[in-house]
Amino acid sequence: MYQGKPLDFYRVSFIPDGKRPASGMTDKEGRFALGTNAEGDGAAVGKHIVMVEYVGPPSNEEPGKETFAPPPAAAVKVPEKFSSVETSGVSIDITSAGNNEIKINLE
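All the letters of the sequence shown, read from the start, carry residue numbers 62 to 168 under this note's numbering.
Written out as structure tokens, the structure reads:
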């Protein structure tokens, strides 16, 4: 969420120190499932810096016939600072008990 609005077609990445990052794509309600080695398998235990960047809707073009056009504009624009490990300022702790419901509210 950004300023109370769900983010659609954003990649959410959890970047741990010294471990494999996890990422997932948001849907129209801003929900996402993280994957590290496979889709939906979660994130490593520990502290993660959170990055959020708009990637647009998935392509429905036939493989080999893609036009590689830029994605449509985001419905909700998030400041560029949230797309970098150095400037995001957002962190999450993943415990060994697991966090199935993580809510990220960017301001």
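Even glycine gets a Cβ: it sits at the ideal position worked out from N, Cα and C.
- Between Val106 and the set Thr87, Pro82, Ile165, Tyr63, the nearest pair of CA atoms involves Pro82.
- Remark: fewer than three beta-carbon pairs, one from each stretch, lie closer than 8 Å, so the region 128-147 and the region 92-109 are not flagged as touching.
- A straight line joining the alpha-carbon of Gly125 with that of Pro119 spans about 15 Å.
- For Ile153, the enclosing beta strand (DSSP E) has its first and last residue at 152-155.
- Runs of the beta strand (DSSP E) lying entirely within the region 93-143, each at least 3 residues long, are 107-115 in chain order.
- For the beta strand (DSSP E) assignment, the uninterrupted runs of no fewer than 3 residues enclosed by the region 68-94 are, from N- to C-terminal side, 71-77, 83-86.
- Apart from the 5 residues on each side of it in sequence, Ser84 sits with its Cβ closer than 6 Å to the Cβ of Arg72, Ser74 in its chain, given in chain order.
- In the structure shown, Lys66 adopts extended strand secondary structure according to DSSP, grouped into three states.
- Sequence-distant partners of Leu68 (beyond 5 residues in either direction) whose C-beta falls short of 6 Å from its own C-beta, in its chain, are Thr87, Gly91, Val137.
- Between His109 and Ser149, the gap from beta carbon to beta carbon reaches 8 Å or more.
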